[in-house]
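Okay, structure first, notes after.
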Amino acid sequence: MLKVTFNMSESDISKDRHGTVQEAAEKACVKLTDAGYSGEFELEPFRFNGVGKKYRSEYIDYTKFNLKQGSINISIECEYGDIKSISGLSKNT
12 MLKVTFNMSE SDISKDRHGT VQEAAEKACV KLTDAGYSGE FELEPFRFNG
62 VGKKYRSEYI DYTKFNLKQG SINISIECEY GDIKSISGLS KNT
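Those letters in the sequence shown? Residues 12 to 104, per the numbering used here, in order.
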């Protein structure tokens, strides 16, 4: 059985300070593998800009992200590295 992996940009990795998005993505990859998916998915976190002079840089949301591969788009909601829900996941045969 081929495994599902994810790819995350270096800039997003640096913004994921505690590694919670990566931890949740690893758990989501296991669930995708169990559902019959394989190959590498692109991790696309939700981004937002900080408010105020001190916080103007771009941040990533630690509670939701997408895993994309071609036309497949899986949305994951998580909290502290644990998966709360997965949308768009169907049995891939």
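We put the CB at the ideal spot given by N, CA and C, even for glycine.
These numbers come from a predicted model, not from an experiment.
Starting from residue i and walking both ways along the beta strand (DSSP E), at which residues does that stretch end?
{"i": "residue 64", "result": "Neither: residue 64 is in no beta strand (DSSP E) and is coded neither H nor E."}
{"i": "residue 93", "result": "93 to 98"}
{"i": "residue 86", "result": "83 to 90"}
Using DSSP's beta-bridge definition, name the partner residues of residue i.
{"i": "residue 16", "result": "51"}
{"i": "residue 33", "result": "Paired residue(s): none; residue 33 is not in a bridge."}
{"i": "residue 75", "result": "88"}
{"i": "residue 59", "result": "70"}
Tell me which same chain residues have a C-beta within less than 7 Å of the C-beta of residue i, skipping the five on either side of it?
{"i": "residue 55", "result": "76, 77 and 79"}
Please confirm whether residue i has its beta-carbon closer than 7 Å to some beta-carbon of chain C.
{"i": "residue 27", "result": "Absence of chain C from the displayed structure is noted, only one protein chain being present."}
Keeping to the same chain, check which residues put their C-beta closer than 6 Å to that of residue i; ignore five residues upstream and five downstream.
{"i": "residue 92", "result": "31, 34 and 35"}
{"i": "residue 19", "result": "54"}
How is the alpha helix (DSSP H) around residue i delimited, first residue to last?
{"i": "residue 27", "result": "No alpha helix (DSSP H) holds residue 27; DSSP gives it neither H nor E."}
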